[in-house]
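Student: The numbering of the sequence shown is UniProt numbering, which starts it at 1 and goes up by one. Ideal Cβ positions, reconstructed from N, Cα and C, are used throughout, including at glycine. Nothing here was measured: the structure is a model prediction, and the numbers come from that model. Handing you a structure now.
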Amino acid sequence: MATVIDGKAVAQTIRSEIADEVRLLSQKYGKVPGLAVVIVGNRKDSESYVKTKRKACADLGINSFDIDLPEEVSEAEVIRHVHELNANPDVHGILVQLPLPKHINEEKVLTEISLAKDVDGFHPLNIGKLAMKGRDPLFLPCTPKACLELLSRSGVSIKGKRAVVVGRSNIVGLPASLLLLKADATVTIVHSQTSQSDTESIIREADIVIAAAGQAKMIKGSWIKPGAAVIDVGTNSVDDPTRKSGYRLVGDVDFEEASKVAGWITPVPGGVGPMTVTMLLKNTLEGAKRNIEQNN
Ligand SMILES: NC(=O)C1=CN([C@@H]2O[C@H](COP(=O)(O)OP(=O)(O)OC[C@H]3O[C@@H](n4cnc5c(N)ncnc54)[C@H](OP(=O)(O)O)[C@@H]3O)[C@@H](O)[C@H]2O)C=CC1
Ligand SMILES: Nc1nc(=O)c2c([nH]1)NC[C@@H]1CN(c3ccc(C(=O)N[C@@H](CCC(=O)O)C(=O)O)cc3)C=[N+]21
1 MATVIDGKAV AQTIRSEIAD EVRLLSQKYG KVPGLAVVIV GNRKDSESYV
51 KTKRKACADL GINSFDIDLP EEVSEAEVIR HVHELNANPD VHGILVQLPL
101 PKHINEEKVL TEISLAKDVD GFHPLNIGKL AMKGRDPLFL PCTPKACLEL
151 LSRSGVSIKG KRAVVVGRSN IVGLPASLLL LKADATVTIV HSQTSQSDTE
201 SIIREADIVI AAAGQAKMIK GSWIKPGAAV IDVGTNSVDD PTRKSGYRLV
251 GDVDFEEASK VAGWITPVPG GVGPMTVTML LKNTLEGAKR NIEQNN
């Protein structure tokens, strides 16, 4: 049976370390880190993630700045808010919740975020640096960073291992594969245009699987190499009439099957999700430390 990686517990440990550092910063400089979250429209999932982030900030003594904009807001107006946050000395991190409505060009908005405040690591220049040998972005994207942190805290080494990333999105799959590559894994990426038989056979050979396709339980236990480390990023809501809410969250991996074969596996919920939020808080703390120490 696989070791189940308790993301929630690891996240709690790191959060208490962050809270200590926030206190120190506040004692030494009389300043606390600030995170601004820009949310456009009222997608239910986005609202729920943003609520989680705001609560986590409050728990750790990090200031949060909420910019809630209506669905019809113009691109120029969103950018105006980003500029205002860039100029605000109390804001050390800026997160623009994705996806944005179709009439707004995401890349244009993300490009306007000050590099020093890009705690999501989504600015094209930060992604470019992530892709370059010998260069490092100021901030690593939170979800991929969460995946690697869970591997390292579980004692799973990456160097020389065969890793597969399922999915190639800008926010998870692509940066996760770049991070694994930088950590010296041999990386294969599979996506929606990969044939089913290739997807299965490539996953079967992988020592490390990062699943980020957004397809409930698509990865079967029989595809997992015995002893492999399986990091399940997928957060898919499926109907569940036995729940009060009427739904429950499942990953991209069939947990019941895969946990019988894998060496390590993360659950959904309680795996990558809480760690993603923690990495965001950690990036905000780092941004604040750099900024505050520079100005004192
Ligand atoms: N726990 C966390 O912290 C986070 C969880 N998530 C979750 O992770 C999942 C992925 O998110 P995100 O990257 O934003 O999603 P996207 O929909 O942007 O990307 C999904 C990717 O998976 C690929 N894909 C789709 N179907 C298949 C398939 N059958 N086989 C292989 N690849 C496939 C797509 O290929 P193509 O490029 O060809 O379209 C695409 O690259 C979602 O469930 C999301 O909710 C996301 C962010 C953070
Ligand atoms: N600019 C931007 N940055 C992001 O980091 C970003 C984004 N946009 N858009 C959407 C995705 C999704 N995402 C999640 C964060 C936390 C959980 C999380 O905490 N999940 C809990 C469950 C939460 C619940 O119960 O609803 C868990 O897995 O245990 C999930 C998903 C960040 N994203």
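When burial is assigned at 16 or more other CB atoms within 10 Å of the CB, is residue 132 buried or exposed?
Tutor: Working through the sequence shown from its first residue, we reach residue 132 at position 132. Classification for residue 132: exposed.
Student: Verify the contact flag: residue 255, CB atom, against every heavy atom of ligand 2, threshold strictly below 7 Å.
Tutor: Sequence index remark: in the sequence shown, residue 255 carries index 255 (1-based). Incorrect: residue 255 has no Cβ contact closer than 7 Å to ligand 2.
Student: Within this structure, are the beta carbons of residue 209 and residue 190 separated by less than 8 Å?
Tutor: The residue given as residue 209 occupies position 209 in the sequence shown. The residue given as residue 190 occupies position 190 in the sequence shown. No, Cβ-Cβ distance for residue 209 and residue 190 is not below 8 Å.
Student: Assuming residue 15 and residue 281 are in contact, meaning their beta carbons sit under 8 Å apart, how far apart are those beta carbons, in whole angstroms?
Tutor: What you label residue 15 is simply residue 15 of the sequence shown in a count that begins at 1. What you label residue 281 is simply residue 281 of the sequence shown in a count that begins at 1. Their Cβ separation, rounded to whole angstroms, is 7 Å, which keeps residue 15 and residue 281 in contact under 8 Å.
Student: According to DSSP, residue 34 sits in a beta bridge with which residue or residues?
Tutor: Residue numbering aside, residue 34 sits at position 34 when the sequence shown is read from its first letter. Residue 34 is bridged to 63.
Student: With distances taken from each beta carbon to the nearest heavy atom of ligand 1, which residues come in below 7 Å, in chain order?
Tutor: Qualifying residues, in the order they occur: 143, 146, 166, 167, 168, 169, 171, 172, 173, 190, 191, 192, 193, 194, 199, 212, 213, 214, 215, 218, 233, 234, 235, 236, 252, 272, 273, 276.
Student: So residue 119 packs on residue 79, CB below 8 Å; how close in whole Å?
Tutor: In the sequence shown, counting from the first residue as 1, residue 119 sits at position 119. In the sequence shown, counting from the first residue as 1, residue 79 sits at position 79. Incorrect: roughly 18 Å between the Cβ atoms, too far for contact.
Student: Please return the same chain residues whose Cβ sits closer than 8 Å to the Cβ of residue 186, not counting the five positions on each side in sequence.
Tutor: Within the sequence shown, residue 186 is the residue found at index 186, counting from 1. Contacts found: 160, 161, 162, 163.
Student: Among 47, 173, 178, which has the Cα closest to the Cα of residue 192?
Tutor: Locating residue 192 in the sequence shown gives position 192, where the first residue counts as 1. Cα-wise, what sits closest to residue 192 is 173.
Student: Applying the 10 Å Cβ sphere with the 16-neighbour rule, what's the burial state of residue 7?
Tutor: Taking the sequence shown and counting its residues from 1, the one referred to as residue 7 is at position 7. By the 10 Å Cβ count, residue 7 comes out buried.
Student: Shortest alpha-carbon distance to residue 228 belongs to which of 283, 292, 197, 266?
Tutor: Position 228 of the sequence shown holds residue 228. Considering only alpha carbons, the answer is 266.
Student: Give, in chain order, every unbroken run of the beta strand (DSSP E) that is at least 3 residues long and sits entirely within the stretch 145-201.
Tutor: Qualifying beta strand (DSSP E) stretches, in chain order: 162-166, 186-190.
Student: Assuming residue 253 and residue 212 make a contact with CB atoms under 8 Å, what is their CB distance in whole Å?
Tutor: The sequence position of residue 253 within the sequence shown is 253, counting from 1. The sequence position of residue 212 within the sequence shown is 212, counting from 1. Actually they are not in contact, since the Cβ atoms of residue 253 and residue 212 sit about 11 Å apart, beyond 8 Å.
Student: CB residue 65 to CB residue 96, shorter than 8 Å?
Tutor: Against the sequence shown, residue 65 aligns to sequence position 65. Against the sequence shown, residue 96 aligns to sequence position 96. Contact flag unset, no.
Student: Do the stretch 50-68 and the stretch 81-91 make contact, defined as three or more Cβ pairs closer than 8 Å?
Tutor: Counting Cβ pairs under 8 Å, three or more are found: they touch.
Student: Determine, using beta carbons only, whether residue 233 and residue 247 come nearer to each other than 8 Å.
Tutor: In the sequence shown, the residue the question calls residue 233 occupies position 233. In the sequence shown, the residue the question calls residue 247 occupies position 247. No, Cβ-Cβ distance for residue 233 and residue 247 is not below 8 Å.
Student: Leaving out five residues before and five after residue 77 in sequence, what residues of the same chain have Cβ atoms less than 8 Å from its Cβ?
Tutor: Working through the sequence shown from its first residue, we reach residue 77 at position 77. If we look at residue 77 and ignore the five residues flanking it on each side, its Cβ neighbours are 69.
Student: With respect to the alpha helix (DSSP H) encompassing residue 290, which residues constitute its N-terminal and C-terminal limits?
Tutor: Looking up residue 290 in the sequence shown gives position 290. Run containing residue 290: 272-294, per the alpha helix (DSSP H) assignment.
Student: Pull up the distance between the alpha-carbon of residue 121 and that of residue 171, whole angstroms please.
Tutor: Counting from 1 along the sequence shown, the entry for residue 121 is found at position 121. Counting from 1 along the sequence shown, the entry for residue 171 is found at position 171. Roughly 9 Å separates the two Cα atoms.
Student: Is residue 38 near residue 81, with beta carbons less than 8 Å apart?
Tutor: Residue mapping note: residue 38 aligns to position 38 of the sequence shown, counting from 1. Residue mapping note: residue 81 aligns to position 81 of the sequence shown, counting from 1. Cβ distance < 8 Å, so residue 38 and residue 81 count as in contact.
Student: Based on Cα-Cα distance, which residue from 4, 98, 85, 178 lies nearest to residue 128?
Tutor: Residue mapping note: residue 128 aligns to position 128 of the sequence shown, counting from 1. Closest option to residue 128, Cα to Cα, is 178.
Student: By alpha-carbon positions, which one of 157, 5, 222, 116 ends up nearest to residue 199?
Tutor: The residue you call residue 199 lines up with position 199 of the sequence shown. Nearest of 157, 5, 222, 116 to residue 199, Cα basis: 222.
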